[in-house]
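Quick notes on the structure that follows.
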Amino acid sequence: MSARPDDDVLPGRDDPWWDEVTQDALARLAVLRRAGLRRRRRETAYVLYVVLLFGLFYAVPYASAAVRVSDGPREPWASWLAAGAPAGATALALGALVLAAADGRWRGPVLLDAASAHWLLPTAVRRGALLRPRWRLAVALYAALGAALAAAAAFVLRVVCVGALGWTLLPAAGAGAALGALAAAAGLAAQRDRVPPAALRLRWVAVALGGLAAATAAGSVPGPVGAVLLWSGPWGWAAQPLVLSAGAGVPGWPLGLALLAAAAAAAAVLGDRAAGGVPSAALRRRARAVDDVVAAATVLDLRLARQLTRTADGVPARRLPAPPRRARLAVAWRTLVGWRRDPARPAWAAVLLATALGLVEVSSAATGAARAVLLLGALLAGYGAAAQLVEGARLEADDTTRSRVLPLRFRTLVLRHGEVPALALTAGGALAAGVLTALGGAAQGAWLLVLGLPALVLAALVSACRGPVPPHLFLGPDTGAGSVGPLRVLAWTWRAPLAALAGLAPVLLVPQLVAAPVPVPAVLGWAAAVTAALGWWARQQAGAHHRA
């Protein structure tokens, strides 16, 4: 027998006694689980029935309507979508692989329930016989999901950009299935600790490719760049059928599809051999993490669910700088240290702020309802940027005992956690608006958005101190469309950003939609009033959360 550190003792490969015990144990386990297996099959069949029913009643009519509408003239943005398809589809494929690897760091495709992880792994059962069936099922599920999503994306691109259905949906579905198998292999590699944490930074490459897609759609990127991306690796090969569905030519795409299929087959075979090598400690840790995350998601505590996934991946902590000597700078130091430990948050905040400013700039060329929708989307993106930067306030709200070492009341401490985020967002937004002004762009909307950024930070502070969902909200009255409990929960969860959007909408919408000039003092006064109201709400919410 051979042993590995922090793992169970494994049998030798040439020990026939273990094969006999493995067969007997798995046969006995199958008998014991027969009743539960029948129940799970009935539940799965019911879920598939509901999905099929909703698909027939909703997806099919909408798809038919989309095909009928596509017979008309092409929209101007259809050509933009087709031009940005190479970089955009490559970004989606690469993002899917990175997402699967990130999932493998806390869950992974080879997953055991808690009972099996704690009782079967230490027994005389060969690891491969126990884990390989789960790997094969995971590959099938990943491939099916990838095929469905790729076919749906190809359908949308085909209808919007070409105006008719075609055979390109078939290679798109095949590419999606192959990409799903590769994603399962990436998750297994992360599950076996074969993927370093630094590799997950490739998600920023996917984000950069998304920006490149937008630039390509605007006509500021040469066409050969897209061709290089489509042959840059499996992510590019998987994107080729989607680009084909958008009406663009992809020379040699059958070769790319063949290479992708070969890579997927090799990954599936190698994964089948490696599935039995997942460490026992990792399987137990992931089994506990999945149960905890499901419990948190059941009560809609998404923050706790995210914390549990981050705890399960075992990312090491970083060395922190010394705290400042001035007490007034302690909270700002904690905020900046939090950004250093989790640099993805300020990076996502920058991306979302750029998205908000981009939507405002694009809205200057739109009219009517389309312009209003773009401006509201800009406010939502701005709130998302603010929410990324107030993690320090959330940590204080999660454990109010942390604040006892500071000579501050809790509600004052929470507001202090919003100072650096508000300053950073306002400075970044003002810099971008200044650049737009210097370049002669439509900068009025950008400056108006900058006025609302402090209010969005305060709304994020309100959400940071909202606490868990009250149980009575789940028990709403029944109507003809079902219970209103989920709607009450969503309204309670999103009450702060909804209030911020309602308050800031006049600041951004009225000057942009009204032909007559709006007095600047009126706009400034309204923005200041909304900011003051949200500041009062954040202070009261923090105090109520601390008392509770």
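In terms of the working numbering, the sequence shown opens at residue 733 and continues consecutively. Think of the CB as a built atom: it goes at the ideal place given N, C-alpha and C, for glycine as much as any other residue.
Less than 8 angstroms separates the beta-carbon of Leu1106 from that of Leu1091. Excluding sequence positions up to five before and after Gly1124, its CB lies within less than 6 angstroms of the CB of Arg1066, Thr1067, Gly1070, His1149, all in the same chain and listed in chain order. Secondary structure of His1149 (DSSP, three-state): coil. Contact check for Trp812 against Pro841 fails: the beta carbons are separated by 8 angstroms or more.
Ranking Leu1266, Thr822, Ala876 by CA distance to the CA of Leu944 puts Thr822 first. With fewer than 16 other Cβ atoms from the protein chains shown falling within 10 Å of its own Cβ, Pro1251 counts as exposed. The continuous alpha helix (DSSP H) containing Ser1195 extends over residues 1176 to 1196. With fewer than 16 other CB atoms across the displayed protein chains lying within 10 angstroms of its CB, Glu775 is exposed.
Taking the Cα of Leu1180 as reference, the smallest distance to any Cα among Pro1202, Ala1129, Pro1253 is reached at Pro1253. The Cβ atoms of Pro973 and Pro903 lie closer than 8 angstroms to each other. Within the same chain, Leu1190 come within 6 angstroms of Gly1267 by CB-CB distance, once the 5 residues on both sides are set aside.
Per DSSP, reduced to three states, the secondary structure at Trp1224 is helical. Excluding five sequence positions before and after Ala1280, the CB atoms of its chain that fall closer than 7 angstroms to its own CB belong to Gly1199, given in chain order. With a cut-off of 8 angstroms on Cβ pairs, the segment 1164 to 1176 is not in contact with the segment 1133 to 1153, counting fewer than three such pairs.
Judged by their CB atoms, Val1262 and Pro1243 are not nearer to each other than the 8 angstroms cut-off. Going by C-alpha positions, Arg772 is about 26 angstroms away from Ala915. The segment 992 to 1011 makes no contact with the segment 826 to 838, as fewer than three CB pairs between them are under 8 angstroms.
Distance from Leu881 to Gly908 at the Cβ level is roughly 6 angstroms; contact confirmed, criterion being Cβ atoms closer than 8 angstroms.
The Cβ atoms of Ala910 and Ala993 sit closer than 8 angstroms to each other.
When Cβ pairs closer than 8 angstroms are counted between the two stretches, the segment 1155 to 1168 is seen not to touch the segment 1223 to 1232, the count staying below three.
In the same chain as Val1152, and ignoring 5 residues on each side of it, the C-beta atoms closer than 7 angstroms to its own belong to Ala1064, Thr1067, Leu1068, in chain order.
With a beta-carbon spacing of about 13 angstroms, Arg1073 and Leu1121 fall beyond the 8 angstroms limit used to define contacts.
DSSP places Trp1268 in the uninterrupted alpha helix (DSSP H) bounded by 1252 to 1279. Boundaries of the alpha helix (DSSP H) around Asp1004: 985 to 1006. In the structure shown, the three-state DSSP call for Trp936 is helix.
Excluding the 5 residues flanking it on each side, Ala922 has same chain C-beta neighbours closer than 6 angstroms at Ala833, Gly836, Arg837, in chain order. The Cβ-Cβ distance between Ala1187 and Gly1235 falls below 8 angstroms. With fewer than 16 other Cβ atoms inside 10 Å of its own Cβ, Leu788 counts as exposed.
With 16 or more other CB atoms across the displayed protein chains lying within 10 angstroms of its CB, His1277 is buried. Contact between the segment 975 to 986 and the segment 883 to 891 is present: three or more C-beta pairs spanning the two stretches fall below 8 angstroms. When secondary structure is reduced to three states using DSSP, Ala1118 falls in the helix class. Here the alpha carbon of Arg1134 sits roughly 15 angstroms from the alpha carbon of Gly1275. Taking all protein chains shown into account, Trp969 has 16 or more neighbouring C-beta atoms within 10 Å of its C-beta and is therefore buried. Pairing Val891 with Asp1024, the inter-Cα distance amounts to about 42 angstroms.
Across the set Leu1193, Leu1185, Ala1081, Ala1175, the C-alpha of Leu1193 shows the shortest separation from the C-alpha of Arg1143.
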